[in-house]
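Numbering (my numbering), first residue to last: 1 to 178. Think of the CB as a built atom: it goes at the ideal place given N, C-alpha and C, for glycine as much as any other residue. These numbers come from a predicted model, not from an experiment.
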């Protein structure tokens, strides 16, 4: 177990959050915070992120899934007392190790902070979040005066440039007046 950097260290992707201990051998029950739980099969090390962004590198000995959660067994955390110190910590992997998505698909955090403009050149606002509706996801876009919901579909969102943090939309008549 070592401490890799603080707030200035490389960006992380949170994949689970420790909620309680389990058993006598220091297992940790964690809520899954990834759409790719199968990724745990290829992970040997996680970064535990605690209060004040304190980071601790921990070695993953074993894991298994139970009731939409993941049970983690970490090296050197062999008792309830040892593992209870990590309750409330987030478990993350370096952003560079994120699961690569298909062309045209994006992580929510990649879209957040993007500036949204119309094809006509009007600045709409900044993406503050993604609203999962069970159907078409909606970009939550905010400007100084109001909020907009923009369906994340190809017919409306014509271009996404993650590098430049820019999204171009061609809204149907009335969409921005709703």
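Give the secondary structure of residue i by DSSP, where H, G and I count as helix, E and B as strand, and everything else as coil.
i: residue 77; result: coil
i: residue 68; result: coil
i: residue 92; result: strand
i: residue 166; result: strand
i: residue 62; result: strand
i: residue 154; result: coil
Residue range of the beta strand (DSSP E) that residue i falls in?
i: residue 12; result: 12-22
i: residue 147; result: 147-151
i: residue 100; result: Run containing residue 100: none; DSSP gives neither H nor E here.
i: residue 142; result: 138-142
The alpha helix (DSSP H) spanning residue i covers which residue range?
i: residue 108; result: 108-111
Under 8 Å between the Cβ atoms of residue i and residue j?
i: residue 21; j: residue 27; result: yes
i: residue 89; j: residue 127; result: no
i: residue 119; j: residue 168; result: yes
i: residue 19; j: residue 29; result: yes
Among the candidates the options, whose CA atom is the shortest distance from the CA of residue i?
i: residue 111; options: 130, 97, 153, 118; result: 130
i: residue 43; options: 53, 72, 86; result: 72
i: residue 77; options: 154, 148, 164, 60; result: 60
i: residue 66; options: 94, 37, 90, 171; result: 37
i: residue 156; options: 41, 170, 174, 140; result: 170
i: residue 114; options: 12, 13, 177, 166; result: 166
i: residue 100; options: 25, 175, 39; result: 39
Across which residues does DSSP place residue i in a beta bridge pair?
i: residue 27; result: 22
i: residue 54; result: Beta-bridge pairing links residue 54 to no other residue.
i: residue 161; result: 166
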